[in-house]
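Protein chains in written order, with our numbering: chain C, 4 to 632; chain U, 341 to 448.
Glycine included, each C-beta is placed from N, C-alpha and C at the ideal position.
In what follows, a single structure is set out as structure tokens and then discussed.
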């Protein structure tokens with residue numbers, strides 16, 4: 004029995020055609036999967052009701068265990084239990100050597116020897132790359148999504164840190180492919196968090212995303228413009244997080260209890276850390292909390308930790324994060340006052356002091372309503388849902404759009420727009436064109452970008468030629484030109500003559516070399532010159548038409564002008580034809596040309612009629628009347 | 341003629357409506373498609389068409405059914421069901437004679 008979700012009005016899908024999509028937050032420490040059901044985005048739990056999946060994989064000869072069960076075996080089986088694999092994604096052996104002084108010193112794994120540029124970790128199940136290990140985590144999340152939604156998935160949006168480079172993003176995509184997931188899009192983590200709060204449909208401006216996790220801190224400064232989040236700068240500290248809060252509290256406990264940490268066993272030390280962590284969490288709800296620790300049979304300690312003391316302990320750490328924020332703002336060339344929203348991500352932002360200090364720093368109330376552990380996955384799910392087309396109409400997210408229209412040059416130097424400005428990418432559009440002259444066997448394709456009507460006022464991107472298609476009369480050839488812009492903004496244009504199948508294509512990067520200010524100037528010009536452009540366009544159109552008329556009359560006259568027309572008739576037509584040719588070059592308004600053309604049409608009407616008759620007679624000659632009945 | 345919704349179902353519908361921020365209830369209906377004749381439709385309602393729709397109240401939820409669909413689902417009780425990790429709405433339709441294996445489409 005299939006269970007149904009409530010759709011938006013008119014958006015119900017047919018049975019077996021539901022478009023289920025998930026959002027995945029593939030984290031260093033924990034991962035999450037979320038989806039939108041009956042219009043509500045939420046993270047999905049496993050059978051035990053747990054939402055967070057520790058990003059830990061344990062390999063043995065005959066099984067792969069992912070999550071909590073793997074994490075619990077980390078101490079027992081360190082070589083085969085892999086954690087924090089995200090740090091190795093898209094990294095080559097050389098990168099790691101630069102990052103860590105010695106691989107095996109800093110990472111508790113054994114690396115396989117070999118000439119491969121991709122590091123391989125030796126496990127009981129064979130050598131594993133970071134991509135394969137990540138794929139094993141993704142498989143578990145995908146399965147959870149399928150079981151919860153009750154059907155196969157259309158695809159997933161997977162989040163990546165804003166600072167991930169192409170290699171790291173590609174590795175993440177590869178891992179998803181390996182896990183059998185169709186990647187709808189990779190989304191920056193801070194963007195996902197902003198989307199979860201619906202900031203993408205809110206006021207345009209600068210948004211800061213403050214992400215304080217267990218072991219890392221990230222700050223991203225983004226600019227929202229026309230539904231697109233552009234990352235202006237990122238910053239942070241890869242070795243600062245909530246765990247450091249726990250250490251600071253634990254240190255205080257030991258001081259208060261008069262215990263030297265060097266005298267403690269590692270299990271006692273872990274116990275103190277656990278108590279410190281619970282005390283920290285308790286203080287988000289209460290103003291003070293009691294801590295009881297049994298160090299040994301004859302030594303125990305009880306004390307009260309209140310918010311004031313906690314604040315003095317963690318303030319230096321929060322200050323460090325705020326220094327990173329200041330640097331990121333400076334890198335983005337943005338003032339604090341310009342930040343309209345601050346989004347809090349990561350479990351450690353539950354600490355009240357963090358919220359307070361961040362709010363004070365940015366002089367705005369930070370957004371904390373959505374669970375900071377889940378906010379990224381939720382944003383990814385909302386995006387995934389919109390990408391498969393389940394969202395209410397008009398709510399479609401424009402994450403990446405074309406900054407300026409793309410088109411090509413047609414006769415008369417006019418720009419024909421194929422894909423208009425602000426179209427979300429990826430996108431593919433095709434249009435059919437035809438030949439202008441009889442016997443034409445080649446066509447030049449000139450790809451342009453811009454909003455103006457004349458090619459001269461747009462930016463030229465590429466030119467190529469389609470050659471060697473069969474000769475047709477003008478207007479009979481069918482040339483299909485396809486514009487395709489992929490998610491990374493890469494444009495490819497192909498042209499195909501349909502009757503012969505002859506093809507040619509070119510690849511261009513449309514935004515290459517275009518600065519924001521240039522784009523803006525081009526847009527402004529298109530508004531200012533709209534009226535000019537309209538006049539120029541209609542004049543060009545009439546000029547093209549006049550050329551066509553002149554060519555037609557010339558070729559007809561050459562054909563049978565002598566035999567069908569008297570000398571006077573010929574003279575009359577030629578005179579008006581001459582007038583048209585003069586206006587073709589001198590006319591400044593479309594109307595003048597139109598008038599000249601209709602004059603020629605009138606004077607040659609009789610000639611045209613005679614030619615028609617002659618042609619009909621010619622085609623019927625030698626046939627019986629009955630054949631045409 | 342009437343359709344209804346269980347208390348549990350009503351609670352979830354109201355949750356989803358609150359989350360959506362607008363809408364007056366749910367629309368139940370059938371589409372003539374699917375692997376065995378008809379398929380159920382469940383959507384949020386923004387507008388009621390007085391000529392075509394019948395409106396019911398059940399456990400505090402406004403249920404809208406177009407008259408064409410009503411003959412196929414008269415007497416249906418909607419419920420919210422959990423099956424393992426999967427959860428969602430199910431139609432208990434007394435008119436249903438035969439359903440396809442997936443339960444998404446049916447014949448009367």
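| Asked | Found |
| --- | --- |
| Cβ neighbours of residue 222/C in the same chain (closer than 8 Å, five flanking residues each side left out) | 211, 212, 213, 214, 237, 238, 239, 324, 327, 328 and 331 |
| From 333/C, 256/C and 116/C, residue whose alpha carbon lies closest to that of residue 312/C | 256/C |
| Every unbroken beta strand (DSSP E) inside the stretch 582-625 of chain C [3 residues or more] | none |
| Contacting positions in the stretch 401-429 of chain U - beta carbon closer than 7 Å to chain C | 421, 423, 424, 425, 426, 427, 428 and 429 |
| Residue 356/U: contacting residues in chain C (beta-carbon distance under 7 Å) | 9, 41, 42 and 43 |
| Whole-number beta carbon distance between residue 34/C and residue 384/C, since they are thought to touch under 8 Å | The Cβ separation is near 13 Å, so there is no contact. |
| Per DSSP, cross-strand counterpart(s) of residue 393/U | 406/U |
| Chain C within 9 Å of residue 371/U, Cβ atoms only | yes |
| For residue 252/C, the three-state DSSP class (helix, strand or coil) | helix |
| Short CB-CB distance (under 9 Å) between residue 396/U and chain C | no |
| Per-residue contacts from residue 385/U into chain C (C-beta, under 8 Å) | 12 |
| Chain C within 9 Å of residue 343/U, Cβ atoms only | no |
| DSSP three-state assignment for residue 535/C, whether helix, strand or coil | helix |
| Candidates 299/C, 346/C, 538/C and 389/C, of which the one nearest residue 456/C by Cα | 538/C |
| Near-chain U residues of the stretch 134-165 of chain C - C-beta to any C-beta below 8 Å | 147, 150, 151, 152 and 153 |
| C-alpha gap between residue 261/C and residue 272/C, whole angstroms | 14 Å |
| Three-state secondary structure (DSSP) of residue 206/C | coil |
| Member of 25/C, 83/C and 121/C whose CA lies at the smallest distance from the CA of residue 142/C | 25/C |
| Cβ-based burial, residue 205/C [other Cβ within 10 Å; buried from 16] | exposed |
| Reduced DSSP category for residue 433/C - H, G, I as helix; E, B as strand; rest coil | strand |
| Any C-beta of chain U under 9 Å from that of residue 49/C | yes |
| Secondary structure, beta strand (DSSP E): runs of 3+ residues fully inside the stretch 123-160 of chain C | 124-126 and 129-131 |
| Beta carbon proximity, residue 450/U to chain C, threshold 9 Å | Residue 450/U cannot be examined here, being either before or after the span of chain U that is shown, 341 to 448. |
| Beta-carbon neighbours of residue 382/U, restricted to chain C and to distances below 9 Å | 7, 8, 9, 10, 15 and 41 |
| Segment limits, alpha helix (DSSP H) that includes residue 476/C | Neither: residue 476/C is in no alpha helix (DSSP H) and is coded neither H nor E. |
| Host alpha helix (DSSP H) of residue 74/C (start-end) | 71-74 |
| is_contact[residue 435/U, chain C] using C-beta, thresh 9 Å | no |
| Nearest-angstrom Cα separation, counted from residue 509/C out to residue 68/C | 47 Å |
| Exposed unless 16 or more other CB atoms sit within 10 angstroms - verdict on residue 53/C | exposed |
| Distance between residue 23/C and residue 388/C (C-alpha atoms, nearest Å) | 7 Å |
| Sufficient close CB pairs (3 or more, under 8 Å) joining the stretch 605-616 of chain C to the stretch 560-577 of chain C | yes |
| Those runs of the alpha helix (DSSP H) which lie wholly inside the stretch 273-354 of chain C and span at least 4 residues | 310-335 |
| Contact with chain C by residue 399/U, beta-carbon distance below 9 Å | no |
| Inter-residue Cα distance where the pair is residue 580/C and residue 470/C | 33 Å |
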